[in-house]
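**Student:** One structure, pasted below without further comment.
See below:
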């Protein structure tokens, strides 16, 4: 959905109101409470606001939450905060926020479907209210970056987190998996400042940073049946198709391959995926736009936008969002190393869940959907990832949405529904 010039200008102007409220509280020396969604985009969004506040000398705290409910907002209100900033969440719960925080200055930055609730002390910024597609054209971290830039034009470097958030929310829906909408403007600002480089190539985890077998094994978007999560099988596959893994004593990364080697790898991977029953669009998705951050250390996951997003996603899914926040705030030591270990465990866990689902034949086909009831067998934080992967592999014979459920530690049932891009274009609305 396109955004008319007037709507776009209104949207960008809306950040001034939020910036004014924040500046007022910073001048008073108030502690600002950032409440953010505990997914990768939310981690990047909350951290972006946190970094902007830190540069202003403002005290703040960041809470990562899975969901908003009465209990959460009541507990926030009980702390008698001066200012609460919600990032990547809140628009769908404005009624609860208004009920419990009506006497508290509150800013909500979100790109999910909003309620129509007005309140004197509430500043609500959502692209959907101005005609922008919040699911494709800007992320929670992108909104946080626009706020940070409004607070201080010197916050241009935070555009990197805006890109990470967009990739984490899989907003790379343009041609060759490029970003769209206002994300393009954020991308342009980052490039102009020398913070971002892009190129079109094979998209694997660790384009610059990982040995080839590791890169294949760590790639989960798209999921490569028989290879993702299985480094030993990836080594065997690459040796079988004649790709040299080492040269002059050094492990080769994807970026080290010649164009001829890349074409050969793509061809052989395509054959492998077809033999596993994968759909053609999954194969086409192997090639796309690479987002590289040249100021990050070479051969680290933070150098590649999708790797960065995957690392934050693992922190979120493994219930360690604070690790992701620390990385976004600048930690490149202990927390970063712990996050890398966590990602390896996350990847292994996904592969194990998929094997369990297949072995136990848990997928039930109905007339219009597939159903997966995982009970306590799959972590409720990961059930959506498993559903997405199942939809993109050959395990589901017909093109239908999948609804997957898992039981949480709190005894709640987590429901995740997934449809392909083609289903959505055909009118499927989940």
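Residue numbers (this note's numbering): 8 to 437. Just so it is clear, CB atoms sit at the ideal spot from N, CA and C, and this is done for glycine as well.
Going by DSSP, which residues form a beta bridge with residue 43?
**Tutor:** 71 and 94
**Student:** If you measure between the beta carbons of residue 356 and residue 334, is that distance less than 8 Å?
**Tutor:** no
**Student:** Take the Cβ of residue 374 as the centre, count every other Cβ of all protein chains shown within 10 Å, and call the residue buried at 16 or more, exposed below.
**Tutor:** exposed
**Student:** Is residue 273 helix, strand or coil when you go by DSSP?
**Tutor:** Note: residue 273 maps to helix in three-state DSSP.
**Student:** Assign residue 112 to one of three DSSP states: helix, strand, or coil.
**Tutor:** strand
**Student:** What three-state label does DSSP hand residue 83 in the structure shown?
**Tutor:** Helix.
**Student:** State the start and end residues of the unbroken alpha helix (DSSP H) segment that holds residue 324.
**Tutor:** 312-324
**Student:** Can you pull the DSSP bridge partners for residue 297?
**Tutor:** 206
**Student:** How many angstroms separate the CA atom of residue 18 from the CA atom of residue 155?
**Tutor:** 15 Å
**Student:** Please work out which residues of its chain come closer than 6 Å, Cβ to Cβ, to residue 70, disregarding the five sequence neighbours upstream and downstream, and give them in chain order.
**Tutor:** 42
**Student:** Which runs of the alpha helix (DSSP H) fall wholly inside the segment 157-239 and span at least 4 residues, in chain order?
**Tutor:** For the segment 157-239, whole alpha helix (DSSP H) runs of length 4 or above, ordered along the chain, are 166-175, 189-199 and 219-225.
**Student:** Within 8 Å, do at least three Cβ pairs link the segment 233-253 to the segment 275-286?
**Tutor:** yes
**Student:** With H, G and I counted as helix, E and B as strand and the rest as coil, what does DSSP make of residue 307?
**Tutor:** coil
**Student:** Could you tell me the alpha carbon to alpha carbon distance between residue 124 and residue 273, rounded to whole angstroms?
**Tutor:** 50 Å
**Student:** With DSSP as the reference, label residue 329 as helix, strand or coil.
**Tutor:** helix
**Student:** Could you compute how far the alpha carbon of residue 317 sits from the alpha carbon of residue 325?
**Tutor:** So the alpha carbons of these two residues sit roughly 12 Å apart.
**Student:** Taking the straight line between their C-alpha atoms, what separation do you get for residue 137 and residue 181?
**Tutor:** Cα-Cα distance, rounded: 21 Å.
**Student:** Can you tell me the Cα-Cα spacing of residue 431 and residue 408, whole angstroms?
**Tutor:** 10 Å
**Student:** Do you know how far the Cα of residue 381 is from the Cα of residue 270?
**Tutor:** 39 Å
**Student:** Measuring only the C-alpha atoms, how far is residue 169 from residue 21?
**Tutor:** 18 Å
**Student:** What is the C-beta distance between residue 321 and residue 360, in whole angstroms, given that I count them as a contact (C-beta under 8 Å)?
**Tutor:** At roughly 14 Å, the Cβ-Cβ gap does not stay under 8 Å, so residue 321 and residue 360 are not in contact.
**Student:** How about residue 101 and residue 144: do their beta carbons lie closer than 8 Å?
**Tutor:** Their beta carbons are not under 8 Å apart, which means residue 101 does not touch residue 144 by this criterion.
**Student:** Would you please state the rounded distance, in angstroms, between the beta carbons of residue 301 and residue 201? I believe it to be under 8 Å.
**Tutor:** Residue 301 to residue 201, Cβ: 7 Å. Contact.
**Student:** From the DSSP output, in three-state form, read off residue 279 for me.
**Tutor:** helix
**Student:** Do you know whose CA, among 237, 32 and 204, lies nearest residue 297's CA?
**Tutor:** 204
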